[in-house]
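Student: Take this structure first; my questions come after.
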Amino acid sequence: MTKFQMDLAKLEREPIHTQNLIQPHGVLLVLQEPDLEILQVSENISFILKIAPEIAVGKTLGDILDPFQVERLKTGLSSENFDYINPTKVWVRTGGDDFVVFDAVFHRNVDGLLILELEPAISQENIPFLSFYHLARASINQLEETKNLREFCNIIVKEVRKVTEFDRVMLYRFDEDGHGVVLAEEKREDMESYLGLHYPESDIPRPARKLLSSNWIRLIPDAKAIAVGMYPPVNPQSGIIQDEPSINQPLDLTHSILRSASPCHLEYLHNMGVGSSLTISLIKEGKLWGLIACHHQTAKYVPYELRKACEFLGRVVFSEISNREETEDYDYRMRLAYIQSQLIDYMSEAENFVEGLVSYEPNILDLTNAQGAAICNNGQWTLLGKTPIEEDLDYLVQWLQRNVHEEIFVTDSLANYYPDADKYKDVASGLLAIPISQRNYLLWFRPEVIQTVNWGGNPSKAYEHSHSQGTLRLSPRKSFELWKERVRLTSLPWKKVEIQSALELRKAIVNIILKQADELAQLARDLERSNAELKRFAYVASHDLQEPLNHVSNYVQLLEMRYEDKLDVSGKEFIGFAVAGVSLMQNLIDDVLAYSKVDLQGAEFTLTDANVALERALNNLQSSIRKSKAEITCHNLPTVMADSTQLMQMFQNLIGNGIKFRSQRSLTIEINAERLDDSWLFSVKDNGIGIEPQFSDRIFVIFQRLHTRDEYPGTGMGLAICKKIVECHRGNIWVESELDQGATFYFTIPVGGKRDRRDGR
Ligand code: BLA
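Per our numbering, residue 167 is the first one in the sequence shown, and the count goes up by one each step.
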């Protein structure tokens, strides 16, 4: 920033409440309590009250007004609330029998000084209450019947114009950026209209807006009048009162009714052709929402009471504007609330919240009335409607990640913040973005809508600056002629209710995600518990079951031995059944134990040579291999990350099955392996009886058998164990077969062992 720019910025922000100048139509006195000694007066006292300022200072108020009037005022001043005495009519003798009647208005400024302002009373009657009442009653009655904000604003300006008789009364609303627009206007017919015109922020700079938020009504009865200063220019008491070295501080006139407007603003009024003005602040939730701006071509005085009535209108009735603004969108809000509840329902029912947002009617587009929406869920995009392409969205999210740290980012002109957006302005000039987490985003888009904004004069030439005698001066533009601006790269604005809905949806999604994480954790806990139970069962099976079984087995054998001679053929046969039954039971228990032992925690993953595992399996199977005369071949077996015992068990079970389910043909079993992208595919192929394809899933289920035990002995656990082992290695197992055509069992073992892609490594 250059020094020149700094000066310019400073000038724009110059304080205006301490200029020490007042408008000449009234007199301002700074008084010392309790005697009401005059400390400072406006220099025009000599002109209006016919007392020289040097003489007035040091006197008391009682020396100027009649003592009985002063007593009354003192009583009023003893109360905290000056509303009871403001305004009070006072009479001042200006020589001989001449009296002038004034409205006396008191206030205490921020430094605690008592300030009395005397304005010539226009009417000597007590009109206040009547006008007050009339204005308020009539307006409120009418206002109650209005349906929308615009109509409401129209009635306000009409009513204010009726009672004040200004040439022009406008209702002006501020935008977020400080610029404003004329929403309603009532005026003399021969004047040109300002309705719908926008005015730049610098027309009412920040200090002026701040002042308007604390002082709700401002009258400039004669914009051409020459301001008067104070005598003495600096209040002799201000340092003492504040108890700090602020002696040279000028008088704070924030709440003064006579304070002179800044020269820049007076010039502004002059350029606009305004002779007098009345400005009423409209405050919503503590913030300056807008103004009622009244203009008259010539000088015009408005009595204090009437001004107060207007202020009252602004104050009380404006609370209604706030309501109106809210109820304006009532139906729309209700609709959005309904859509929101639908989406939440869909999301909580769907497996994935994204599906709930896009797959049904209404969908996420309806929630904000957007033309496009994109959901980024762990780096995956789901798009709906008109959106930029995924690659552009990736960049956009990166930008958001770096630059947006709030829970929402809303703009109707994305390219203003993120120039790359220019290229997809047709779909995304407007963006509403809510981050859900670092990698999860919800984005809504609106296309560019080229708009025309009507300005009261060219806003880029809102003021001129000039150097004179080394100082920089700002002066307002001379021309307020209609200036049309074409606004590009901008979408229709996002409404407050739409933004609110998006925020509420964010809350719901966060809740759903948290809840799902909770459920997953619960599932993991359940799984852990059932695993522990299974282990306990295995223990019980091995000990508690095996023990009585051994008993049965021992006693049956004892029976066989001791009573062999006494048993007939059936008796021996029965004992034979009992022994077979016991041995089957023992196998079952062994298999269930083996099954329950296969679990992730128990497995030890090491580099395992599959050839070695196979060899161990063949070794265990050697007697049945010999008996069946099986010819077993193997090729290309790799070294894999696996639990070597479990891999051996896999081969043993699969080859054992091949042997068990052999056909009449001479049995061949072929073991093979093949490298896929990220896993090894093993196959065990036999030429046995085969399996009908329809049963190819069932055979892997625990205790499922396709044949009776008489046809083929066994527990029906072998393949269930295989399946569990493969799952433990994060692989798959399946069979391909036709009846009587042999069977090929396939299983995969990930190259990296159990650390598959799901772990993201
Ligand atoms: C004040 N400018 C104002 C006020 C209004 C406007 C309403 C408050 C007036 C008051 O308190 O009485 C502007 N008036 C408007 C607009 C319309 C209207 C936009 O009727 C539209 C129809 N103004 C400039 C420049 C400067 C500036 C260049 O244009 C200087 C940087 C300053 N305006 C300015 C200041 C005030 C002001 C300093 C405060 C005046 C004061 O209270 O002393």
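The beta carbon of each residue, even a glycine, is placed where N, CA and C say it ideally should be.
As the structure is a prediction and not an experimental result, all values here were calculated from the model.
Could you tell me which of 428, 381 and 533 sits nearest to residue 453, measuring between CA atoms?
Tutor: Nearest C-alpha to residue 453: 381.
Student: Give a yes or no on contact between the region 460-469 and the region 320-338, applying the rule of three or more CB pairs nearer than 8 Å.
Tutor: As far as the Cβ criterion goes, the region 460-469 touches the region 320-338, which means the pair count is three or higher.
Student: Mark residue 136 as exposed unless 16 or more other C-beta atoms lie within 10 angstroms of its C-beta, in which case mark it buried.
Tutor: Outside the displayed span of the chain (167 to 927) sits residue 136, for which this structure offers no information.
Student: Below 6 Å CB to CB, which residues in the same chain sit around residue 575 once its five sequence neighbours on both sides are set aside?
Tutor: Only 599 meet the Cβ criterion.
Student: Does the structure place the region 902-915 close enough to the region 854-868 that three or more beta carbon pairs sit under 8 Å?
Tutor: Judged by Cβ distances under 8 Å, the region 854-868 makes contact with the region 902-915, as three or more pairs qualify.
Student: Quick one, which of 800, 789, 755 and 769 has its alpha-carbon nearest residue 778's?
Tutor: Ranking the options by Cα distance to residue 778, first place goes to 800.
Student: Whole angstroms is fine: what's the gap from residue 361's alpha carbon to residue 623's?
Tutor: Using only the alpha carbons, I get a separation of about 14 Å.
Student: Exposed or buried, what is residue 418 when buried is set at 16 or more other beta-carbons lying within 10 Å of its beta-carbon?
Tutor: Buried.
Student: Using only the alpha-carbon positions, how far apart do residue 247 and residue 203 sit?
Tutor: So the two alpha carbons sit approximately 21 Å from each other.
Student: So, with DSSP's three-state summary, where would you put residue 909?
Tutor: Residue 909 falls in the strand class under three-state DSSP.
Student: If we count the other Cβ atoms within 10 Å of its Cβ and call it buried at 16 or more, is residue 546 buried or exposed?
Tutor: Classification for residue 546: exposed.
Student: Find the nearest neighbour of residue 621 within the set 216, 348 and 205, judged by alpha-carbon distance.
Tutor: Checked all of 216, 348 and 205; the closest Cα to residue 621 is 348.
Student: What are the boundary residues of the beta strand (DSSP E) that includes residue 601?
Tutor: Start and end: 596-603.
Student: Check whether the Cβ of residue 934 lies closer than 7 Å to any heavy atom of ligand 1, and answer yes or no.
Tutor: It is not possible to answer for residue 934, since the shown part of the chain is limited to 167 through 927.
Student: Is residue 435 closer than 8 Å to residue 389 when the C-beta atoms are compared?
Tutor: Contact: yes.
Student: Use the C-beta contact count for residue 812: other C-beta atoms within 10 angstroms, 16 or more gives buried, fewer gives exposed.
Tutor: Residue 812 is buried by the Cβ-count criterion.
Student: If we ignore side chains and look at the alpha-carbon of each, how far apart do residue 660 and residue 476 end up?
Tutor: Distance between the alpha carbons of residue 660 and residue 476 is about 34 Å.
Student: Excluding sequence positions up to five away, which residues of its chain have a Cβ less than 6 Å from the Cβ of residue 353?
Tutor: If we look at residue 353 and ignore the five residues flanking it on each side, its Cβ neighbours are 334.
Student: Note down, in chain order, each residue of its chain lying with its Cβ closer than 8 Å to the Cβ of residue 805, except the 5 sequence neighbours on either side.
Tutor: Result list for residue 805: 773, 774, 775 and 776, in chain order.
Student: Identify which residue in 632, 658 and 636 has its Cα closest to the Cα of residue 618.
Tutor: If we check each option's Cα against that of residue 618, 658 comes out closest.
Student: Just to confirm before moving on: does the CB-CB distance between residue 438 and residue 646 stay below 8 Å?
Tutor: Against a cut-off of 8 Å, the Cβ pair of residue 646 and residue 438 comes out as a contact.
Student: So the alpha helix (DSSP H) residue 532 belongs to, where does it begin and stop?
Tutor: Looking at the DSSP string, the run of the alpha helix (DSSP H) that includes residue 532 is 530-534.
Student: Please determine whether the Cβ atom of residue 369 lies at a distance below 7 Å from any heavy atom of ligand 1.
Tutor: Answer for residue 369: yes, Cβ within range of ligand 1.
Student: Give me, in chain order, the residues of the same chain whose beta-carbon lies closer than 8 Å to that of residue 551; leave out the 5 immediate sequence neighbours on both sides.
Tutor: Excluding positions up to five away in sequence, the list reads 531, 536, 537, 538, 539 and 611.
Student: Tell me, please, which residues DSSP counts as bridged to residue 800.
Tutor: DSSP, once it has assigned bridges, lists 837 as partnering residue 800.
Student: So, for residue 522: in the same chain, excluding its five sequence neighbours on each side, which residues have a beta-carbon less than 6 Å away from its beta-carbon?
Tutor: Correct list, in chain order: 512, 513 and 516.
Student: How about residue 368 and residue 628: do their beta carbons lie closer than 8 Å?
Tutor: For residue 368 and residue 628, yes; Cβs fall inside 8 Å.
Student: Using a Cβ cut-off of 8 Å (strictly closer), state whether residue 804 contacts chain C.
Tutor: This model lacks chain C altogether; it includes just one protein chain.
Student: To the nearest angstrom, how far is it from the Cα of residue 311 to the Cα of residue 243?
Tutor: The straight-line gap from Cα to Cα measures roughly 41 Å.
Student: If we require 3 or more residues per run, which beta strand (DSSP E) segments fall completely within the region 236-297?
Tutor: For the region 236-297, whole beta strand (DSSP E) runs of length 3 or above, ordered along the chain, are 254-261, 264-274 and 280-286.
Student: May I ask you to verify whether the region 783-794 touches the region 860-880, counting CB pairs closer than 8 Å and requiring at least 3?
Tutor: No, the region 783-794 does not touch the region 860-880.
Student: What distance in whole Å lies between the Cβ atoms of residue 632 and residue 641, which are believed to be in contact at a cut-off of 8 Å?
Tutor: Residue 641 to residue 632, Cβ: 7 Å. Contact.
Student: Indicate the three-state DSSP secondary structure (helix, strand or coil) for residue 929 in the structure shown.
Tutor: This structure cannot speak to residue 929, because the chain is shown only from 167 to 927.
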